[in-house]
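Note that my numbering has the sequence shown beginning at 711, numbered continuously upward. Every residue, glycine too, gets a C-beta built ideally from N, C-alpha and C. Quick caveat, the model's predicted, so the values are computed rather than measured. See below for the structure under consideration.
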Amino acid sequence: MQLVLDSEQRELRSAVRKFLLDQSPSAKVRAAMVSESGYDAELWRRLGAELGLIGLVVPEEYGGSGAGHVERSVVLEELGRVLVPSPFLATAVLAVDALLALDDEPARAELLPALAAGERIGTAAVAEGSGDWDRSGGTTTATERDGQWVLDGVKTLVLAGDIADLVLVYAATPDGPGWFAVDSPPDNPAAGLERTTLTGIDPTRRLARLRFAATPARPLTSADPAAALDLVADLAAVALAAEQLGGLERAMEVTVDYAKVRVQFGRPIGSYQAVKHGCADMYSAWEHGVSVVRYAAWVADHNLAELPVAAELAQAYLGPAYFEVATGMVQYHGGIGYTWEHDAHLYYKRAKSSELLFGSPARHRARLADRLGV
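Below you can see the structure in the form of structure tokens.
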């Protein structure tokens, strides 16, 4: 097991960090998050066509880089550091992993190249009212009518669901759950598909509710749709943990830097023992987080049998750890940390929304205990 990045992975991290510092400073993040689409289209194009980051785990025969989940986790850390508003988690993780987990070779050959290049935005629609990923498919149904499969029902908390060209839907059928592809580009939306952008606490991450009413869909071949769903969920948990780690690290750095220069009662606040202890706790949380994410990403590449445990461990730890550090970031910045002008509130909101995105920490702990047989 390798828990330390090799030289090529460190070079990747350095290149992505330099690119994002230049192309996605705070001003551009704020402009993108309040735009109609919710993301920077030019930055997205460059991430795909120029840097090849969207298709990192996509095999070369489908237009990707053929790299691994460790490399993808490195990129997600850097995206999380600067809170890039983008459909990366939806496209490069959920949509790509779902297609790779299924057994539909024609669909992979047709759909993956455009996703890897950033030419199309994809996502997966699984959760319903409770927010859980129901292995049965939930109340959304897929039925065959006159030789055409159609979907009926509602999916919610769909990442980039309001802008996705391709939606991979997990739905119930008369023969059990299945996966279906809905092609719905903005200039030619699918019939019967209603999209509603949700108002969430995190302005840098768009979520949507999708309502299907006899919406035409393409069935995707899978020997075990539920097992594919489990794999997609576990890989998404690892990817999200990497993004959370990047945000945690940046929140810690900004807080420590501020503690060195903010003077109160004639001394830098970082000289006070309570603040020192708080910053030390942040560093400890980051160190543990690095080990957890490196382990989980390595397992995703080399030992899928351990992935269910590693994925739940990653979310059970990183979600609360990131939120705790982001909370400290706001507190130690004092009054300025509570203002709209400072970025502290953006990290706080991203940390809380991410903590709950794929289930609460309590749920992850319970599932971790189940998978460990405790």
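Item	Value
Identity of the residues DSSP links to V868 by a beta bridge	A918
8 Å contact criterion, which E781 and Q733 should meet: CB distance rounded	That belief does not hold up - the Cβ atoms of E781 and Q733 are roughly 20 Å apart, past 8 Å.
Alpha-carbon spacing of D807 relative to W1050, whole angstroms	36 Å
Contact under 7 Å by Cβ, D750 with L930	no
Proximity of G863 and T853 at Cβ, strictly below 7 Å	no
Those residues which DSSP pairs with T683 across a bridge	What the structure shows of the chain is the stretch from 711 to 1084, and residue 683 is not part of that stretch, so it cannot be assessed.
Short Cβ contact (7 Å threshold) for M1106 with A984	Nothing can be reported for residue 1106, as the shown portion of the chain is limited to 711 through 1084.
G832 versus I764, A949 and G1045, residue with shortest Cα-Cα distance	I764
Segment limits, alpha helix (DSSP H) that includes A742	S736 to M743
Residues near A800 by beta carbon distance below 6 Å, same chain, minus five either side	T833, L869 and A870
Identity of the residue in R818, G888, I873 and L876 nearest D844 by Cα	G888
Helix, strand or coil at E838 according to DSSP, with G and I counted as helix	coil
Close beta carbons around G774, own chain, < 6 Å, minus the five adjacent residues each side	G765, V768 and A826
Member of K986, L810 and G1044 whose CA lies at the smallest distance from the CA of G778	L810
Proximity to T866 [Cα-Cα], best of G848, V860, P1071 and M992	G848
Helix, strand or coil at A759 according to DSSP, with G and I counted as helix	helix
Span separating the alpha-carbon of A1072 from that of D1053	28 Å
The region 1020-1028 in contact with the region 939-955 per 3-pair CB rule at 8 Å	yes
Nonlocal neighbours in the same chain, by C-beta distance under 6 Å from R1004, ignoring five residues either side	L713
Strand pairing of A923, partner residues [DSSP]	D862
Contact check, V948 vs A1007, beta carbons under 7 Å	yes
I873 versus G1083: straight-line alpha-carbon distance, rounded	41 Å
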